[in-house]
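Down below is the structure, laid out as structure tokens.
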Amino acid sequence: DNPNLPTQPEEICKAAIECYEAGAAVVHLHMRDEQDNATMRFDIFEKTVNLIRATGCPVVLNLTSSGGQGFGWDERIRPFKELKPEMASFDAGTMNWLNKVVFMNEPEFLERCGKAMIEANVKPEVELFDVGMLTTAEYYIKKGILETPTHFQLCLGAAGGMGATTDNLLYLVNKLPENCTWSAFGIGKGANEILLSTLALGGNIRVGLEDNVFYNKGGLAESNAQYVERAKRVVEEFGKKAATPDEAREILQLKTR
Ligand code: ZN
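Quick note: to get our numbering, add 210 to the position in the sequence shown (first position is 1).
In structure tokens, the structure reads:
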């Protein structure tokens with residue numbers, strides 16, 4: 211939907227560095243194969259992570275554990291398990307995805323995924339697309355499969371989940387457990403609303419081409435860094451400061467480097 215999406219390892223590495231230079235503390239990574247199809251192929255994750263690490267860029271790496279549809283459990287776990295990024299996404303439930311397919315996150319997979327993250331010292335970015343997923347996350351926190359302080363990502367505006375409105379954001383934020391950190395983003399026309407309301411509520415911000423293809427009404431985004439630059443400007447206008455990767459490590463209590 212946007213030809214500016216970086217898809218190949220070299221392009222993703224370049225985009226990650228640009229985002230860091232524009233003010234991002236964390237980069238969340240998905241992979242595509244040689245034909246630009248979504249993939250969880252380990253060799254492509256490995257190549258990309260090695261390219262970024264070889265630059266010496268201090269940005270925090272966060273790998274997806276979903277990556278698209280129909281991937282096997284081991285395939286989804288292997289990249290973070292072996293490459294040991296500091297963070298990886300953890301999708302706290304199954305949902306109908308964009309009225310097209312089922313985004314499968316079976317209970318047994320979530321248990322296995324959570325345990326593998328603890329063993330690999332990888333901090334989960336617990337993605338919530340709906341309020342029921344918070345109940346699920348609380349269950350895994352209670353069972354010790356998700357550690358505290360938990361980091362939540364409130365993902366609003368994906369069809370099948372909660373819509374990207376301030377009302378929904380506030381509802382979720384008020385329900386979060388006390389000992390946690392959180393971030394949010396809106397997909398589509400609610401993107402800027404969620405960015406601004408997240409800032410007002412004291413949350414962290416996620417932006418980029420995974421979640422949005424338009425930069426403004428009718429205009430495709432030029433790059434991930436373009437979104438980061440806007441987020442940084444908004445944060446500074448608000449009288450705050452974008453965290454450096456090391457500050458983010460402290461805020462999120464990351465274990466490894
Ligand atoms: Zn993702």
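All C-beta atoms in this analysis are idealised placements derived from N, C-alpha and C, irrespective of residue type, glycine included.
Along the length of the stretch 273-340, whole alpha helix (DSSP H) runs at least 4 residues long occupy 283-293 and 317-329, reported in chain order. With a cut-off of 6 Å, the C-beta of residue 258 is classified as distant from ligand 1, since no heavy atom of the ligand falls inside that distance.
Using a Cβ-Cβ distance cut-off of 8 Å, the stretch 300-311 and the stretch 337-347 are in contact, since at least three pairs of beta carbons, one from each stretch, lie closer than that value. Not a single heavy atom of ligand 1 lies less than 6 Å from the C-beta of residue 375. Per the CB criterion, closer than 7 Å to any heavy atom of ligand 1, the qualifying residues run in chain order as 238, 240, 274, 276, 299 and 420.
Ranking 241, 230 and 234 by CA distance to the CA of residue 216 puts 241 first. For the options 355, 356, 357 and 379, the alpha carbon positioned closest to that of residue 366 is the one of 379.
DSSP places residue 433 outside both helix and strand once states are collapsed to three, so it counts as coil. Collapsing the DSSP output to three states places residue 248 in a strand.
Per DSSP, the beta-bridge partners of residue 360 are 390. When the Cα atoms are used, residue 274 and residue 299 turn out to be separated by approximately 5 Å.
Pairwise C-beta distances place the stretch 391-398 out of contact with the stretch 445-453, as fewer than three of them are shorter than 8 Å.
The residues 235, 236, 270 and 464, in chain order, have a CB closer than 8 Å to that of residue 458 in the same chain once the five nearest residues on each side in sequence are set aside.
If the five residues before and after residue 281 are omitted, its C-beta is found closer than 7 Å to the C-beta atoms of 250, all from its own chain and listed in chain order.
Between the C-alpha atoms of residue 373 and residue 406 there is a straight-line separation of about 16 Å. DSSP places residue 411 in no alpha helix (DSSP H); its state is neither H nor E. The Cβ-Cβ distance between residue 248 and residue 266 does not fall below 7 Å.
Beta-bridge partners of residue 395 (DSSP): 365.
Beta-bridge partners assigned by DSSP to residue 271: 237. Here residue 301 is buried. Its C-beta has 16 or more other C-beta atoms within 10 Å. Residue pairing from DSSP places residue 371 in a beta bridge opposite 369.
DSSP lists 248 as the beta-bridge partner residues of residue 242. The beta carbons of residue 258 and residue 219 sit closer together than 7 Å.
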